[in-house]
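A.B. asks:
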Amino acid sequence: MEKRTFYITTPIYYPSDKLHIGHSYTTVAADAISRYKRLKGYDVMFLTGTDEHGQKIQRKAEARGITPKQYVDEIVSGIKELWKTMKISNDRFIRTTDDYHEAAVQKIFKKLYDNGDIYKSEYEGWYCTPCESFWTKTQLVDGKCPDCGREVELTKEESYFFRLSKYQDRLIKHIEENPDFIQPVSRRNEMLNNFLRPGLEDLCVSRTTFNWGVPVTFDEKHVVYVWIDALSNYITALGFMSENNSDYRKYWPADVHLVGKEIVRFHTIIWPAMLMALGEPLPKQVFGHGWLLLEGGKMSKSKGNVVDPVVLIDKYGVDAVRYFLLREVPFGSDGVFSNEALIQRINSDLANDLGNLVSRTVAMIDKYFGGVLPRQRTEGEFDSELKAMFAELPQKVEELMDKYQFSAALSEIWKAISRTNKYIDETMPWALAKSEENKPRLAAVIYNLAESLRIVSILIQPFMTETPDKIRHQLGISGSEALDWESAKRWGSYPEGVSVNKGEVIFPRIDIKKEMEELEKLNPAARTEQVPDSNAEAHGNKAAKENKDVSGSGNRAPQESKAASSDPTSKAELITIDDFAKLDLRVAKVLEAEKIEGSDKLLKLKLEMGGETRQVVSGIAKHYSPDSLVGKSVILVANLKPVKLKGIESQGMILAASNDDSLVIATLDSEIGTGAKVK
RNA sequence: CGCGGGGUGGAGCAGUCCGGUAGCUCGUCGGGCUCAUAACCCGAAGGUCGCAAGUCCAAAUCUUGCCCCCGCAACCA
């Protein structure tokens, strides 16, 4: 009989910057599912990769004076390194710059064109020449370029379009008839109500304004824009449209695409429509998980927020980090990452509960029996309850894993660990050890402990990669003995006559206070930020706003490994003194300040500057009350071109320092009189 | 009336779909034990489940209205 297959994917990540803990979150989750399915006997195909084309990368490469390919090569090797460090067991890694992928994309594009699903038209938009960017009307800010604030002009760009609208009804039908297609359900409703039912517009699928992409074969000035290039990776990786498509026939349709919640839309609307147009089956499920947020609020300053996965792995080990990611947040909801929470998890779950249980069990076998349990054992009170719990455990874990409820699955396993710790108190082995006649009973008690741990070591295999072996080694279970998933269902498989190896503590306790101080040192610029979810940069999000990179280079300790250690964007461009001289900075005094109706961020200020009054609109309402500003001396950018904000003219801008938490306006050390030049 | 998420003991969450003893983890306090990583086990304190009205024998859970917080979007010059 042929093995059942299981095909799972992560998004392909956009290598414009290095990855952060959020990307690791998605990938570790996919890895846990993959490992679980393999243990269950599936023939698994686990795919991850990178989405390497697009304007943003082209620009970044230009800025560094290297080719886009050189640029992405560097970052991609860092990403591969990271996955290796995190023990990600992907079977394949696709890069959209791989030649087989590019060839397949060209064929797909051509096929869709030949079928009439792609047609040539014009893309109307506002063009910002310095930025070389198109913007839609809604993206414009005050009718100007949202990036640089300069004037834009209405332009038409020749472009190819995909007939997305044609598939609208079929998509709705599919989603309604397949309740599992979009998970969790809340996302399903969102898609139907917000996008599908209001109606779809055709999608622009080519660009002429940049050339770092897959060329359209029959119209060389166009490159394929993100959608067809990126989304199709899920099938091109399997050889779709290539000479050898046996993997495609074997694994497609995918069992699950794991994605962050912000790109659910692309995967449940655009991607299925593309597949419909190609006449190929749709993926069975798209699972949109939540975001891993960083701790908010003022607390963070005293805590430090190192969120580079490599730092954490170096300090606490890969299993601790993997455990935390999968345990802390219920998959599907948003969760919070903090160093404190991580350390607490490590201490209480890993060190105190599991690590200590291994430690005391092995120590007792060593101390009471010289390292080898005797065969003669007597069952007794409390045994049946423990056994009953472990008898149910594998089944429970399976049910939860089938729903991708990692957190709950781990929670069940830890309940059993806890129960085992309690069993020691109930049976009091140290009391039994006092008399020779109780030895058979003592042996049974400790055997049950070892057996519990054996089962635990099997069940945690999807989540942790080193710990299972460490536990088995200490218990004296060698090689693949009693290691397979099914054996977790057979109580009594702990081998006879093996001798234990008292070894190192598996998870040392961490001194939380000391550790927080150390992390703080590692990360002097610690501040609260929001981690974009794991895929902030995947699939088409290139087009989205700026990326807020959590683990920006400033957070990285100097001795860190090179997982994408180069961050070409971090250094501000150098300017000359002449550039600086263009700014006319002046001291000004706040005469009046008031809130602007209908805005929660803006204040209207009246300033006095060397006899002249200026009206300035400033986005500081969340940090300053109007009253507190009156009378303050501030620094004004006096020669800024006036603009209207909320219909109110702003004639300049006042300087303020800010990070994500707070904002402080720049004032002066002592009085000097308004109008004084600042330089 | 822009979209979405949320308000449950000190902290973080579950429970809300399918009304019926308010549960878990951490922390605090007290006790037990000594095999173990100052760990483990037991117990206790602590919540009018954001507010109000309604339905019902019964509401954290259903209905309606309101308040507050957090993302996103929009104004952040």
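The first sequence lines up with residues -6 to 672 when you count with the working numbering.
For each residue, glycine too, the CB sits at the ideal point set by N, CA and C.
1. Is W423 buried or exposed, if buried means 16 or more other CB atoms sit within 10 Å of its CB?
2. In this structure, how does DSSP classify S400 when only helix, strand and coil are distinguished?
3. For A531, collect the residues of the same chain with a Cβ closer than 7 Å to its Cβ; drop the 5 residues on either side in sequence, then sort them by chain order.
4. Just to confirm the assignment, what range does the beta strand (DSSP E) spanning H282 have?
5. Confirm, please, whether the CB-CB distance from T78 to V311 is below 8 Å.
6. Looking at the structure shown, is E372 part of a helix, part of a strand, or coil, going by DSSP?
7. Please check the pair T354 and A437, which I expect to be a contact at CB under 8 Å, by giving their CB distance rounded to whole angstroms.
8. Please state whether DSSP places A649 in a helix, a strand or coil.
9. Below 8 Å on the Cβ atoms is my contact criterion, and I expect E444 with G485 to pass it. Report the Cβ-Cβ distance as a whole number of Å.
10. Ordered along the chain, which non-local residues of its own chain (more than five positions away) have a Cβ less than 7 Å from that of R359?
11. Please state whether DSSP places G668 in a helix, a strand or coil.
12. What do you reckon, are the CB atoms on E209 and V216 nearer than 8 Å?
13. Identify, in the order they occur along the chain, each residue of the same chain with its Cβ nearer than 6 Å to the Cβ of S558, setting aside the five sequence neighbours on each side.
14. May I ask which residues mark the beginning and end of the alpha helix (DSSP H) holding E74?
15. Report buried or exposed for N108, applying the criterion of at least 16 other Cβ atoms within 10 angstroms of its Cβ.
16. Kindly indicate which residue of A581, A344, F399 and E419 has the alpha-carbon position closest to the one of R320.
17. On the three-state DSSP scale, how would you describe K250?
18. Relative to the alpha-carbon of H466, which residue among T420, G364 and R338 has its alpha-carbon at the smallest distance?
19. Mind the definition here: the region 17 to 34 touches the region 79 to 94 only if three or more C-beta pairs lie below 8 Å; say whether that holds.
20. Terminal residues of the continuous alpha helix (DSSP H) containing D84?
21. Can you list, in chain order, the residues of its chain whose CB lies under 6 Å from that of K113, leaving out five sequence neighbours each side?
22. Would you call the CB atoms of L224 and Y244 closer than 8 Å?
23. Which word fits V657, buried or exposed, when buried means at least 16 other C-beta atoms lie within 10 angstroms of its C-beta?
24. Among the candidates P177, D10, I68 and G15, whose CA atom is the shortest distance from the CA of K396?
25. Smallest Cα separation from E151: which of T229, C197, R57 and E74?
26. When you compare the CB positions of D301 and H16, do they come within less than 8 Å of one another, or not?
27. Would the region 259 to 266 count as touching the region 160 to 170 if we require 3 or more Cβ pairs under 8 Å?
28. Tell me, please, which residues DSSP counts as bridged to M38.
29. With a floor of 4 residues, list each alpha helix (DSSP H) that falls wholly inside the region 331 to 367, ordered by position along the chain.
30. Considering only residues of the same chain and omitting the five flanking positions on each side of V498, which have a CB-CB separation below 7 Å?
31. With distances taken from CA atoms, which of I72, L147, I101 and E664 is nearest Y116?
32. Closest to H167 by CA distance: which of F155, G253, T261 and A96 is it?
33. What's the C-alpha gap between H94 and D222?
34. What does a CB cutoff of less than 6 Å around L318 pick up in its chain, not counting 5 residues either side in sequence?
35. DSSP state of A56, grouped into three classes?
36. When you compare the CB positions of I165 and L271, do they come within less than 8 Å of one another, or not?
C.D. replies: Let me lay it out:
1. Within the first sequence, residue 423 is the residue found at index 430, counting from 1. Exposed is the call here.
2. Counting from one through the first sequence, the residue named residue 400 turns up at place 407. The answer is helix: DSSP assigns S400 an H, G or I state.
3. Sequence index remark: in the first sequence, residue 531 carries index 538 (1-based). Note that A531 scores a pLDDT of 37, beneath 50, so its modelled location is shaky and nothing firm can be said.
4. Counting from 1 along the first sequence, the entry for residue 282 is found at position 289. Element bounds for H282: V279 to H282.
5. Within the first sequence, residue 311 is the residue found at index 318, counting from 1. Within the first sequence, residue 78 is the residue found at index 85, counting from 1. Yes.
6. In the first sequence, counting from the first residue as 1, residue 372 sits at position 379. Taken through DSSP and simplified to helix, strand or coil, E372 comes out as coil.
7. To locate residue 354, count along the first sequence from 1; it is residue 361. To locate residue 437, count along the first sequence from 1; it is residue 444. Not really, about 13 Å apart at Cβ, beyond 8 Å.
8. Sequence index remark: in the first sequence, residue 649 carries index 656 (1-based). If DSSP states are grouped into helix, strand and coil, A649 belongs with the strands.
9. As a first step, residue 444 must be located in the first sequence, where it is residue number 451. As a first step, residue 485 must be located in the first sequence, where it is residue number 492. That belief holds up - the Cβ atoms of E444 and G485 are roughly 7 Å apart, short of 8 Å.
10. What you label residue 359 is simply residue 366 of the first sequence in a count that begins at 1. It is worth fixing the name first, because residue 359 is Asp in this sequence and not Arg. Around D359: V493 and K495.
11. Locating residue 668 in the first sequence gives position 675, where the first residue counts as 1. Looking at G668 - three-state DSSP - the assignment turns out to be coil, as it is neither helix nor strand.
12. On the first sequence, residue 209 is found 216 positions in, with the first residue counted as 1. On the first sequence, residue 216 is found 223 positions in, with the first residue counted as 1. Looking at the sequence itself, residue 209 is Val, so the reference to Glu does not match. Yes; because the gap between Cβ atoms is below 8 Å, this pair is in contact.
13. Numbered from its first residue, the first sequence carries residue 558 at position 565. Reliability fails at S558, whose pLDDT of 26 lies under 50, so the model's placement of it is uncertain and the value that follows must be treated cautiously. Answer for S558: no residue qualifies.
14. Residue mapping note: residue 74 aligns to position 81 of the first sequence, counting from 1. P61 to T78 is the span of the alpha helix (DSSP H), which, as asked, contains E74.
15. By one-based count along the first sequence, residue 108 stands at place 115. It is exposed - the Cβ of N108 has fewer than 16 other Cβ atoms within 10 Å.
16. Within the first sequence, numbered from 1, the residue matching residue 320 stands at position 327. Of the candidates A581, A344, F399 and E419, the one whose C-alpha sits nearest the C-alpha of R320 is F399.
17. Taking the first sequence and counting its residues from 1, the one referred to as residue 250 is at position 257. The sequence given here places His at residue 250; Lys does not occur at that position. In this structure, H250 counts as strand in the three-state DSSP scheme.
18. To locate residue 466, count along the first sequence from 1; it is residue 473. Closest by alpha carbon: G364.
19. yes
20. Here the question's residue 84 lines up with position 91 in the first sequence. Premise fails: D84 is in no alpha helix (DSSP H) and is neither H nor E.
21. In the first sequence, residue 113 corresponds to position 120, counting from 1. So the qualifying residues of the chain are Y153.
22. To locate residue 224, count along the first sequence from 1; it is residue 231. To locate residue 244, count along the first sequence from 1; it is residue 251. No, Cβ-Cβ distance for L224 and Y244 is not below 8 Å.
23. In the first sequence, counting from the first residue as 1, residue 657 sits at position 664. Exposed, by the Cβ-count rule.
24. Within the first sequence, the letter at position 403 stands for residue 396. Ranking the options by Cα distance to K396, first place goes to P177.
25. Start at 1 with the first residue of the first sequence, and residue 151 comes out as number 158. The option with the nearest alpha carbon to E151 is C197.
26. The count along the first sequence starts at 1 and reaches residue 301 at position 308. The count along the first sequence starts at 1 and reaches residue 16 at position 23. No. Outside cutoff.
27. yes
28. To locate residue 38, count along the first sequence from 1; it is residue 45. Answer by DSSP bridge pairing, in chain order: Y0.
29. 332 to 338 and 349 to 362
30. Taking the first residue of the first sequence as position 1, residue 498 is located at position 505. The residues are G348 and S352.
31. Taking the first sequence and counting its residues from 1, one reaches residue 116 at position 123. Comparing Cα-Cα distances from Y116 to each of I72, L147, I101 and E664, the minimum goes to L147.
32. The residue you call residue 167 lines up with position 174 of the first sequence. Minimum Cα distance to H167 is reached at T261.
33. Reading the first sequence from its first residue, position 101 is the one you call residue 94. Reading the first sequence from its first residue, position 229 is the one you call residue 222. Using only the alpha carbons, I get a separation of about 8 Å.
34. By one-based count along the first sequence, residue 318 stands at place 325. Taken in chain order, the residues that qualify are Y18 and V21.
35. Position 63 of the first sequence, counted from the start, is the residue given in the question as residue 56. Note: A56 maps to helix in three-state DSSP.
36. Position 172 of the first sequence, counted from the start, is the residue given in the question as residue 165. Position 278 of the first sequence, counted from the start, is the residue given in the question as residue 271. No. Outside cutoff.
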